[in-house]
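Each residue of the sequence shown is one higher than the one before, starting from 60 at the first, in my numbering.
We put the CB at the ideal spot given by N, CA and C, even for glycine.
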Amino acid sequence: MKKRLGHIFLVDDNHDMRFYLSDLLTMVGYTVDAYEDPRAFLSQSLDISPAVLLLDVRMPGITGLELQAKLHSLGRKTPIIFISGESNQDEIITAFRGGAIDFLLKPFNREKLCETLDRALDIDRDRNLQFINLDNLKRSFVTLSNREQEIFMLIVQGLTNKAISEVTGIQPGTAKKHRATIYQKFDVSSGADLISLCQGVDLTQLMPTYSA
């Protein structure tokens, strides 16, 4: 049997369903923390990755949809898969608009469940890697001077030293020296490497933010 890696947060007020799913998911290789309600999840769970939140929709007190909104306000980005014995169209639409990965109606097929969990775990792994990559880029970017930051942005657009010279008004030789310094600080050896490092990154997030 395939060994599955990743953590599942299970939130369901139905004791029998929690026991069944916890046992099933543990058997196929996931690690599982089960909670009887959203309050317990919020107070006890740790924001780890890769992980997935397997979340019942209708629960007394805080509903699954309300927990989804709460996690969004807290900035917690663990992917959510909703499970439900019965749900109306509005609930399903709200769940997906809130970024849910999927919405599974009970009873669901074990293979379908595992496929959906694995897909969500892959999404969380990618998100975490992007976060780490962005953090590393920020650490290198802040070591650049203002001029180097300007030239960095031009390099990742694919501009040559000559083109950078024309845009900035500096000499091509000076642009070349700045380029070499930038490569050194980002531990790359070419513009192509730097562009690859920035692939998929919103470069505006590299700029420092200042509070009033």
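Can you list, in chain order, the residues of its chain with a C-beta nearer than 8 Å to that of ASP185? Leave out the 5 residues immediately preceding and following it. none
For LEU180, which of LEU112, GLU170, ILE210 has the nearest alpha-carbon? LEU112
Are ILE142 and LEU176 touching if we call contact CB-CB under 8 Å? no
At 4 residues or longer, what runs of the alpha helix (DSSP H) sit wholly inside the stretch 62-102? Every unbroken stretch of the alpha helix (DSSP H) spanning 4 or more residues and falling wholly within the stretch 62-102 is given here in chain order: 74-86.
Pull up the distance between the alpha-carbon of ASN187 and that of GLY217, whole angstroms please. Rounded to whole angstroms, ASN187 to GLY217 spans 27 Å at the Cα level.
Backbone secondary structure at LEU112 - three-state DSSP: LEU112: strand per DSSP, three-state reduction.
Starting from ILE121, trace the alpha helix (DSSP H) in both directions and tell me its first and last residue. It is not in any alpha helix (DSSP H) - ILE121 carries neither H nor E in the DSSP assignment.
Skipping 5 residues on each side, what residues in its chain have a beta carbon closer than 8 Å to that of THR85? VAL91
In the DSSP output, what is LEU163 paired with across the bridge? ILE142
When burial is assigned at 16 or more other CB atoms within 10 Å of the CB, is ALA99 buried or exposed? exposed
Between the Cα of THR273 and the Cα atoms of GLY120, PRO166, GLU209, which residue gives the shortest distance? Residue 273 is absent from the model: the chain starts at 60 and stops at 271.
Which whole-angstrom value describes the C-beta separation of CYS257 and VAL215, a residue pair presumed to lie in contact below a C-beta threshold of 8 Å? 5 Å
Reduced DSSP secondary structure (H/G/I, E/B, other) of VAL260: The answer is coil: DSSP assigns VAL260 none of H, G, I, E or B.
At what residues does the alpha helix (DSSP H) containing ASP194 begin and finish? Element bounds for ASP194: 169-200.
Should THR285 go down as buried or exposed, given a rule of 16 or more other Cβ atoms within 10 Å for buried? Outside the shown range of the chain (60 to 271) lies residue 285, about which nothing can therefore be said.
With DSSP as the reference, label THR219 as helix, strand or coil. coil
Member of PRO138, GLN127, PHE68, GLU145 whose CA lies at the smallest distance from the CA of GLU95: PHE68
DSSP-derived helix/strand/coil call for SER255: helix
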